[in-house]
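Number 820 in our numbering belongs to position 23 of the sequence shown; there are no gaps in the numbering. Data first, discussion second: the structure below is written as structure tokens.
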Amino acid sequence: MKELTPREEEVMRYFWDDGPQFVKQLLERYPDPKPHFNTLSTYARMLEEKGFLSHEVFGSTYRYFAVISEEEYRNRTLRSVVKKYFDNSYLSVVSSLVKEQDISVEEIRKLLDEVEKSDPKK
């Protein structure tokens, strides 16, 4: 899956949060200063080409909808980051978080407890 640019992710967030919509509805949800209608229309078409959106035809206009959930995108992005920057090692990710003090040893213990409780192999 292709990655989203920050602006594309911003547009997708409206679809993830609000569901299917026409570009006109999307434009209404934006705060001032609003982007131009054609700009949002272009983003919707680009997101469709990338496989994030699809559309239904309503007369001469399209209603776009997300085909990938935010959770699915988040999980794929995380896997991509782990592969690209941590040699596909989640252990390296956790080690980096501990070294940078973004997560404490106590939090890791709690995480391990949760994983052990939810492990279907036990």
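The C-beta atom is built at its ideal place from N, Cα and C for all residues, glycine as well.
Remark: C-beta atoms of His-852 and Glu-845 approach each other more closely than 8 Å. Less than 8 Å separates the beta-carbon of Glu-805 from that of Tyr-840. When DSSP reads this structure, Phe-862 sits in a beta bridge with Ser-851.
A Cβ-Cβ contact shorter than 8 Å links Gly-816 with Phe-862. By the CB criterion at 8 Å, Leu-837 and Leu-850 fall outside the cutoff. Rounded to the nearest whole angstrom, the C-alpha separation of Leu-888 and Glu-911 is 17 Å. Listed as beta-bridge partners of Phe-819 by DSSP are Arg-860. Separation of the CB atoms of Val-890 and Ile-905 is rounded to 12 Å, and the pair is thereby denied contact status at 8 Å. In this structure, Gln-818 sits away from Arg-871, with a CB-CB distance that is not shorter than 8 Å.
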